[in-house]
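First comes the structure, then the notes that go with it.
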Amino acid sequence: METLRKINLGRFGRDKGFWIFVLLILVALVFLQTGSVVRILVMLVALVAAITVHECSHAWAAKMLGDHTAAVAGRVTLNPLAHLDPFGSVMMLITTITGFGLGWGKPVPVAPYRLRYGPRVGNGIVSLVGPAANILLAAVVALLSRLIGGWSGLPLIALLVLEYLVLLNLVIACFNLLPLPPLDGYAVLIALFSLVRSRWANDLVGAMEGLYRYGWMLLFGVILITQLTGFGLLDRLVGAPAYGLFGLLMGY
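Numbering (my numbering), first residue to last: -17 to 234.
See the structure below:
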């Protein structure tokens, strides 16, 4: 425990300048926008919690399947500082201010050839556990919200936190299940096709793995199309299923 504490403090010390920068951006955006400051702060807390659970679950799954790379790196922890990515955190701030909270954490280091069930299937399982953990957490929080929602003594801010925890966990899950590298859905799709014993499936897996180097370009292409054309591609691919599940879990 003492060793882990030292590791986390050391990480904060190295990244202290960045987190001060993030804080300044947050303060500036809060003062510049006209919406609810409370809503923005609640969304940020919920988004950080969702990303932390997501990345920690990846690390835990890899450890359970025989690869301790992430565990040695201190990623099997619910400390957000171990998982938040600088660029993903800035994106988190910007998208939260604009009303659609989205972001990502640092990629969890995984050595696929150490994983049980082989590199493709093992990596697919590790990838699937992240979104699954978000959906499970959303379901648990939704159940809690519905159980205590009728209690008149509960502060409104508490209900708001619970609702955003449900919604943003679902958003993170649906976003990461998109079959684009480097998102989780890409690895899950490769794992599924690798189970098909045929030449076409093997060729398809090889072609998909060749796309990995262009992953970030493809992902930002989708985001840019959404932002510049007003087509709402992410709304259709991520927002629609996330809000559908949100209504189902919350009973709306």
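All C-beta atoms in this analysis are idealised placements derived from N, C-alpha and C, irrespective of residue type, glycine included.
Under DSSP, the alpha helix (DSSP H) around residue i begins and ends at which residues?
i	result
P223	A222 to M232
W182	R181 to G192
A52	T51 to V54
Could you check which residue in the options has the C-alpha nearest to that of residue i?
i	options	result
V111	E145, I139, A44 and Y146	A44
Y234	L149, I139, V92 and L162	L149
S176	P113, G106, L118 and G87	G106
V92	L206, E37 and A114	E37
G229	L165, A121 and I130	A121
I130	E145, L216 and L119	E145
V58	F69, P68 and V35	V35
G192	D67, A169, R181 and L174	A169
H50	L29, Y95 and H65	Y95
R102	S39, W198 and N184	N184
P113	I33, G70, G48 and L66	I33
L171	A31, I22, G104 and A64	G104
D67	A55, P89 and G48	P89
L219	A53, P161, N151 and S180	P161
R128	L118, L141 and P137	L141
Y99	V204, P223, M46 and I117	M46
W86	P62, D217 and G48	P62
A64	G56, L97 and M25	G56
V204	R181, W182 and L165	L165
According to DSSP, simplified to helix, strand and coil, what is residue i?
i	result
G197	helix
L171	helix
G112	helix
G104	helix
G87	strand
L136	coil
L66	strand
Y99	coil
P94	helix
G214	coil
V123	helix
N61	coil
V204	helix
T16	Reliability fails at T16, whose pLDDT of 47 lies under 50, so the model's placement of it is uncertain and the value that follows must be treated cautiously. DSSP places T16 in coil when its eight states are reduced to three.
L159	coil
V153	helix
L142	helix
V235	Limits of the chain in this structure are -17 at one end and 234 at the other, which puts residue 235 out of reach.
L165	coil
When DSSP builds the beta bridges, which residues end up paired with residue i?
i	result
G131	According to DSSP, G131 bridges with nothing at all.
Shorter than 8 Å, the distance from the beta carbon of residue i to the closest heavy atom of the ligand FMN, or not?
i	result
A189	Of ligands this structure carries none, so the ligand FMN is not represented either.
Subject >> Ranges of the alpha helix (DSSP H) found wholly within the segment 19 to 48, counting only runs of at least 4 >> reply: 19 to 46
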